[in-house]
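Q: Quick one: the structure is below, questions incoming.
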Amino acid sequence: MWIFGKHRHLSDVQLSDYVSGRLSDSEKARLQRGLDSCEYCRQELLTWETTSAALRALPELELPRSFVMLEAPAPAQGRRQGAGFNAMAGLGRLPSLSPWVYAGAASLAALAGALIVTTQGGLPWSGTEEGLMSDAATKQAPVAVARQMDSGAESLKASQPHIVPASPQIAASPAGEVEGSDERVSAMVARSMVTREAASRRAQAVPQDMSKEASAIREKAEPEPEALSKAAPLPKAQMATATPQAMAALPPAAVPASAEALAEVEVEVEVQKADSEAPQSAEVAAAREAPAVVPQAEPGTIVPVVPEAAEESDVAARPSSGYALDAAQAPTVAPAARDSAAPAVPENPSVPSVRDVTGDAGTTSAFEHRGETGPPADGGKETSQVQTPTVEVQESGIAEVEAPAAMQRADTLPPQQEGIEGEDGTEVVQVSVTPEPMLGEQAAEGTAEEEKVPGDTGSEANAREPTPPLPGNVARLARATPMMTPEAVSKLAVSPQGEMAEQAEEKRRAAATGPGAGETGSQGESHSPQGPAPKETVFRFVWVVGGLLTLVALALGGYLVYRANRSRISTN
Amino acid sequence: MARPEFKLEDPVGPCEDHPTLRVEDRSGKSYCFNCIIASHQSQAYNIACRILNDRFLAEDALQESLTSAYRSFSQFRGDNLRAWLMRIVSNSCRDMLRAQRARPTVPLDPVGPDPDSDDATPLVSNFPTTVESPEDFAERRELGLVIEAGLASLSEERRLSLLLVDVQGFSYEEAASILNCSTGTLKSRISRGRRDLREYLRGAGELLPSRFRQEE
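Here the protein sequences come in this chain order: A and C.
The first sequence begins at 0 in numbering that gives the first Met the number 0 and counts up one residue at a time.
The second sequence begins at 0 in numbering that gives the first Met the number 0 and counts up one residue at a time.
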């Protein structure tokens, strides 16, 4: 091609078009002039024509077979790109939607499930009392009940010097384990946490001069065996906290004992009403103004119950005797002597109701047992020979327990214990009231007394070393908590609240130094039961968040795997 | 080379050598799909075989292309049936090429049947025609092998453009429609393809027949 008097060779496109014959006449004539004047362009055109001719000379491939269709092909199942989910749709008959729809639905379902599971025990951030209580009950119930059984057995063993001589059934085996069922049941159901104030008020509220009327009412309201056998079973508190294993371990004797205790509570209510209507005497004021003896008693000490016949004039000592066995002495003291000695205490407005003071029902039961012995053999003779009964004063300030639960402790005492004759033929009544650790609802209330361990309830208990869980108890705990090893159970069984051994030891030491110091220490160390520990809350929150993130990661990973398979299918 | 041409205006009549598969395009016009297959299957197979350079893959690609064409025949607008069908075939072949690149496979059997072996597929080109001498037949077969190797060395677009225009005789517009590109793009691809193939043939000059050799 000539441009401005200078020849320029034809381009590849021009030669290709010339070979293909797709040039117009004017272009074809112009290219022809260049080809005529340039040998190089002619050679290039020849190569192009030779190449094109070689392509056209390619032989036609023969068909290996006919592709005619004998029948119509099946309709398409869907888009090829959605083959992976189409297969899933074939399995589950799901519509062919976007993979993100399925991934999102799966994630939402997993999230909903996780929330449901989490809210079953209360959300970690909700702090609702119900959820916390359920959580606390779930965590502490098996161990606490078992611990209660253990501590009951321990306390029973500790009180053996008082009871064993008269009660051969409550005897420890030579191996040291409490055998039999009666003692275990009596230890378990005897949660008589007698408040010191309630006992003193009751002692003041019950006038001695109305003992006769009270005795009449009491005899009138004597529970019948048939009614007792039909009475209600264990109280709610124990039913709520007792595990099936613990319930199974209960002997049948526990049920009628509870019923009898309920009946005795009713008797006590009537006595209280009758006593409150008694006229006041001059000695009442002095008795009310007199300082209470019981609060001065040290926990765990053995307080001698002064016979009223010998201490008629000592009004200040009355609360001491009335603390536990003022009414119990009634059957053994002549009515005349009682009337002259017992001050008539008017009803004090500050005195709590009968239900409030039912915590000292253990003494009432003792009274009842003593009353069942009947008058002395000398026919109403004043029993100056009555030996001074002893009451083991327990730690005060403990939350009150329901009356039936407390009364069962004393009611389960075997009849052989009642009316024990001493060496000189006198009756001896020894009652040991040992408060038990709170369980169930009381533990959930979160009082300061909740932190008390069973060992700090008396000086004798304090004097003892922390008793390790008995092998039998450990095995029982292991059965009650099958997911825990015996070692773990033994660690948790140190305290009913699941405290560690160190904490329980510290509290015991604090209690040994003094009741006030022990309470202060326990309050200071106690964690609020109104909500879970911060560490636990954080742990649960991290657990939930981690679970959700894991679910999201799984959904995303599944979608990525699907995409990889889809690309593979599409390339196929 | 005379190729069967399917006439779109022909009414669908009774087919003697194959069952009648009635299909309708977008405008509602009826066709016999087996007649369409019989008219274009050889050309489609050649294109598939040249693109894939594998007879078995070409069969699979053609079978799948025809099935897809039958299912989607209602989308055919009725303007150019051959271009529409060859486009489906070329797309299917290109999909197979991508799959081969993604997962390269090595066949256990030889890639191509040995023409000299007894079990080779009897092709028309494997036998000398009545008009050509055995020397010409040998040159033609040799030239065919070299050109096939040269086509295989080209890129996919250039190879497909050369196949459609130079080998199969499609017009530029038709080829552009099949390749879904403009005519200028097609012309550029064809010219560059020819140049590359020419360079390849120059490298293998002594193998070419005398009339195809370039004089120095």
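Glycine residues also receive a C-beta, built at the ideal position from the N, C-alpha and C atoms.
Going by the CB atoms, is the gap between LEU185 of chain C and SER89 of chain C shorter than 9 Å?
A: The answer is no: Cβ separation not under 9 Å.
Q: Three or more C-beta pairs closer than 8 Å, one from the stretch 180-195 of chain C and one from the stretch 131-144 of chain C: is that the case here?
A: no
Q: Could you list which residues in chain C have their beta carbon closer than 7 Å to that of SER51 of chain A, in chain order?
A: Within chain C, the residues near SER51 of chain A are ASP165 and ARG193.
Q: May I ask you to list the residues that DSSP assigns as paired with TYR558 of chain A?
A: BP columns for TYR558 of chain A are empty, so no partner.
Q: Under 9 Å Cβ-Cβ, which residues of chain C neighbour TRP542 of chain A?
A: Correct list: empty, because the minimum Cβ distance to chain C is about 43 Å.
Q: Hey, would you say ARG100 of chain C sits closer than 9 Å to THR46 of chain A, going by beta carbons?
A: no
Q: Answer with yes or no whether the minimum CB distance from ALA146 of chain C to chain A is below 9 Å.
A: The question names Ala, yet the displayed sequence has Ile at residue 146 of chain C. Chain A contact via Cβ: present.
Q: Are the CB atoms of ARG76 of chain C and ASP24 of chain C nearer to each other than 9 Å?
A: yes
Q: I need the straight-line Cα distance from VAL12 of chain A to LEU84 of chain C, nearest angstrom please.
A: 29 Å
Q: Which one or two residues does DSSP pair with SER29 of chain C in a beta bridge?
A: C:GLU23
Q: For ALA289 of chain A and ALA510 of chain A, I'd like the C-alpha separation in whole angstroms.
A: Because ALA289 of chain A sits at a pLDDT of 49, beneath the cut-off of 50, its placement in the model cannot be relied upon, and the point is left open.
Q: Go to PHE55 of chain C, then tell me how far its alpha helix (DSSP H) extends in each direction, as first and last residue.
A: 54-70
Q: Can you tell me where the alpha helix (DSSP H) holding ARG21 of chain A begins and where it ends?
A: Counting along the chain, ARG21 of chain A falls outside any alpha helix (DSSP H), and DSSP gives it neither H nor E.
Q: Starting from the beta carbon of GLN99 of chain A, find every residue of chain C whose beta carbon is closer than 7 Å, and list them in chain order.
A: Here residue 99 of chain A is Trp; the residue named in the question, Gln, does not match the sequence. The premise fails here: TRP99 of chain A is roughly 25 Å from chain C at the closest Cβ pair, so nothing lies under 7 Å.
Q: Got a sec: is the Cβ-Cβ distance from THR66 of chain C to anything in chain A below 9 Å?
A: yes
Q: Does ARG21 of chain A have its Cβ less than 9 Å from a Cβ in chain C?
A: Yes, ARG21 of chain A counts as interfacial toward chain C.
Q: What three-state label does DSSP hand ASN79 of chain C in the structure shown?
A: coil
Q: Can you tell me whether PHE32 of chain C is buried or exposed? The criterion is at least 16 other CB atoms within 10 Å of its CB, across all chains shown.
A: buried
Q: Against chain A, with Cβ distances strictly below 9 Å, would PRO133 of chain C count as a contact?
A: The beta carbon of PRO133 of chain C sits no closer than 9 Å to any beta carbon of chain A.
Q: Using 10 angstroms around the beta-carbon of THR19 of chain C, count the other beta-carbons present and answer buried if the total reaches 16, otherwise exposed.
A: exposed
Q: Ends of the alpha helix (DSSP H) at SER141 of chain C?
A: The sequence given here has Glu at residue 141 of chain C, not Ser. Segment 133-152, the alpha helix (DSSP H) holding GLU141 of chain C.
Q: Measuring alpha carbon to alpha carbon, tell me which residue in C:GLY143, C:ARG81 and C:LEU161 is nearest SER15 of chain A.
A: C:LEU161
Q: Considering only the beta carbon of each residue, do MET95 of chain C and LEU153 of chain C sit closer than 9 Å?
A: no
Q: I want to verify the contact list: residues of chain C whose CB lies under 7 Å from the CB of PHE66 of chain A, in sequence order.
A: ILE36, GLN40, LEU61, GLN62 and LEU65
Q: Is ASP94 of chain C helix, strand or coil by DSSP?
A: DSSP places ASP94 of chain C in helix when its eight states are reduced to three.
Q: Could you tell me the alpha carbon to alpha carbon distance between VAL105 of chain C and LEU65 of chain C, rounded to whole angstroms?
A: 27 Å
Q: So, at 8 Å on beta carbons, what are the nonlocal neighbours of GLN68 of chain A in its own chain, with the 5 sequence-adjacent residues on each side left out?
A: Note that residue 68 of chain A is Met in the sequence shown, not Gln. Contacts found: none.
Q: Tell me the rounded alpha-carbon separation between ALA105 of chain A and GLY545 of chain A.
A: So the two alpha carbons sit approximately 17 Å from each other.
Q: For ALA68 of chain C, which residues in the same chain have their Cβ closer than 7 Å to its Cβ, ignoring the five residues on either side in sequence?
A: LEU84 and ILE87
Q: Just verifying my parser: in three-state terms, what is the DSSP assignment at GLY515 of chain A?
A: Note on GLY515 of chain A: pLDDT 47, under 50, position unreliable in the model; the coordinate value appears next. Of the three classes helix, strand and coil, the one that applies to GLY515 of chain A here is helix, per DSSP.
Q: Using 8 Å for Cβ pairs, my map puts ALA572 of chain A next to ILE36 of chain C. What's the rounded Cβ distance?
A: Missing from the structure shown is residue 572 of chain A; chain A here goes from 0 to 571 and no further.
Q: Keeping to the same chain, check which residues put their C-beta closer than 6 Å to that of ASP176 of chain C; ignore five residues upstream and five downstream.
A: Correcting the residue identity first, residue 176 of chain C is Ser in this sequence and not Asp. If we look at SER176 of chain C and ignore the five residues flanking it on each side, its Cβ neighbours are ALA82.
Q: State buried or exposed for GLY27 of chain C, treating a residue as buried only when at least 16 other CB atoms are found within 10 Å of its CB.
A: exposed
Q: What does a CB cutoff of less than 6 Å around ALA203 of chain C pick up in its chain, not counting 5 residues either side in sequence?
A: VAL145
Q: Please compile the residues from chain A whose C-beta is within a distance smaller than 8 Å of the C-beta of PHE32 of chain C.
A: MET68
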